[in-house]
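**Student:** Read left to right, the sequence shown gives residues 1 to 264 (my numbering).
Quick one: the structure is below, and I'll ask about it shortly.
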Amino acid sequence: MFFYFIYYRQIGQACSLYKNMQKKDIRQVYSLKKYGSKERFGADVENARNFQKELDKLLEQQEKNQENGKRLFLHSCCAPCSSYVLEYLRKYFRITVFYYNPNISFANEYKRRAAEQKRLIEAYNRQGIGYPIEVLEGDYEPEQFYQTAKGLEDCPEGGERCFLCYELRLRKTAELAQKGNYDYFATTLTISPLKNAKKLNEIGERLSQEYHVNWLVSDFKKKNGYKRSIELSAEYDLYRQDYCGCVYSKQEREKQKAERKNEA
Ligand code: SF4
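What follows is the structure, encoded as structure tokens:
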């Protein structure tokens with residue numbers, strides 16, 4: 001889902017504008033909810049959370065306490081994004097990959113990504129490294145996505161529509177993780193340079209409170225995770241889509257391609 005990153009040069013300015021807006025939004029939330037003053041928030045900016053370090057610490061502690069093998073319910077958007085995450089986490093957790101993506105347009109694209117997801121897991125399991133990986137394909141329910149995105153169809157990728165799209169998928173993941181008595185739930189989405197890791201972790205932590213399942217913090221793009229996923233995708237010859245998933249992101253990509261063609 002993140003391999004269309006290279007297409008983004010042309011909208012770099014829009015991205016930085018959006019990032020600035022997000023920072024402003026985060027500042028407001030922190031200053032009001034956590035500290036009650038903007039001055040105190042200043043200290044928080046300097047001490048911004050490093051999700052990768054938090055994960056490193058948790059895994060180190062788990063290993064030290066000989067507690068590897070806990071059960072992780074891992075939402076996955078596609079095989080390429082999950083390739084590095086599974087390679088990284090399979091020695092620490094018994095993972096069930098949950099492929100649940102009602103955002104994907106259209107059904108044939110959804111099925112193609114699902115098939116690649118399963119093919120990768122079969123290949124990993126044949127290697128016998130770490131714990132065996134299970135996979136669960138969720139229902140394809142695009143109507144859930146369209147209902148969620150209603151009124152936000154024209155929102156640029158990376159905006160409010162995406163936050164709701166993250167939550168739609170993570171809520172279902174948390175719900176099933178609770179039903180299945182998993183120790184943790186998480187998502188592969190943080191590997192993408194185009195996904196907002198802060199927002200994803202914020203949503204995950206909120207749902208963790210709601211469903212009483214631990215959220216595994218992550219920022220999988222760190223430690224060269226994104227780069228490694230590109231290598232693994234080539235190694236396993238994985239299908240790599242050039243748009244995020246929904247029909248709006250597909251239209252956005254097609255427009256960019258047409259603009260580039262006209263410029264050439
Ligand atoms: S671009 Fe579409 S599919 Fe991708 S996260 Fe945003 S809403 Fe979801």
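Ideal placement from N, C-alpha and C gives every residue a C-beta, glycine not left out.
Quick one: residues in its chain with C-beta nearer than 6 Å to the C-beta of E87, no 5 flanking neighbours on either side, listed in chain order?
**Tutor:** Residue mapping note: residue 87 aligns to position 87 of the sequence shown, counting from 1. For E87, where only same-chain residues beyond five positions count, there are no Cβ hits under 6 Å.
**Student:** Please go through the same chain and pick out, in chain order, the residues whose beta-carbon is closer than 6 Å to the beta-carbon of A79, but skip the five residues on each side of it.
**Tutor:** In the sequence shown, residue 79 corresponds to position 79, counting from 1. Counting only Cβ-Cβ distances below 6 Å, and skipping sequence neighbours, we find E116, Q117, L120 and L238.
**Student:** Taking 6 Å as the cut-off, is the C-beta of R161 nearer than that to any heavy atom in the ligand HEM?
**Tutor:** No copy of the ligand HEM appears in this structure; the ligands present are the ligand SF4.
**Student:** Out of L194, Y124 and T173, state which residue places its alpha-carbon closest to the alpha-carbon of E210.
**Tutor:** Here residue 210 corresponds to residue number 210 of the sequence shown, with the count starting at 1. Answer by Cα proximity: T173.
**Student:** Between the beta-carbon of L168 and the beta-carbon of R161, is there less than 7 Å?
**Tutor:** For the purposes of this step, residue 168 is taken as the residue at position 168 of the sequence shown. For the purposes of this step, residue 161 is taken as the residue at position 161 of the sequence shown. No, the pair does not count as a contact, with Cβ atoms beyond the cut-off.
**Student:** Using 8 Å as the threshold, is the region 59-69 in touch with the region 210-229, meaning 3 or more CB pairs across them?
**Tutor:** No: fewer than three Cβ pairs fall under 8 Å.
**Student:** At a cut-off of 6 Å, would you count C81 as near the ligand SF4, judging by its Cβ distance to the nearest heavy atom?
**Tutor:** Mapped onto the sequence shown, residue 81 falls at position 81. C81: no, Cβ never under 6 Å from the ligand SF4.
**Student:** Please report the distance separating the alpha-carbon of K179 from that of E202.
**Tutor:** Your numbering for residue 179 matches position 179 in the sequence shown. Your numbering for residue 202 matches position 202 in the sequence shown. Each residue's Cα considered, the two are about 22 Å apart.
**Student:** In its own chain, which residues sit with a C-beta less than 7 Å from the C-beta of G138, not counting the 5 before and 5 after it?
**Tutor:** Along the sequence shown, one-based indexing puts residue 138 at 138. Correct list, in chain order: F98, Y99, Y100 and K172.
**Student:** Starting from the C-beta of L200, find all residues in its chain whose C-beta is less than 7 Å away, skip the five residues before and the five after it, and write them out in chain order.
**Tutor:** Against the sequence shown, residue 200 aligns to sequence position 200. Closer than 7 Å at Cβ, skipping near neighbours: Y166, T187, L189 and T190.
**Student:** So does E202 have its beta carbon nearer than 6 Å to some heavy atom of the ligand SF4?
**Tutor:** As a first step, residue 202 must be located in the sequence shown, where it is residue number 202. Outside the cutoff, so no.
**Student:** Determine, using beta carbons only, whether F185 and V217 come nearer to each other than 7 Å.
**Tutor:** As a working note, residue 185 is residue 185 in the sequence shown. As a working note, residue 217 is residue 217 in the sequence shown. No.
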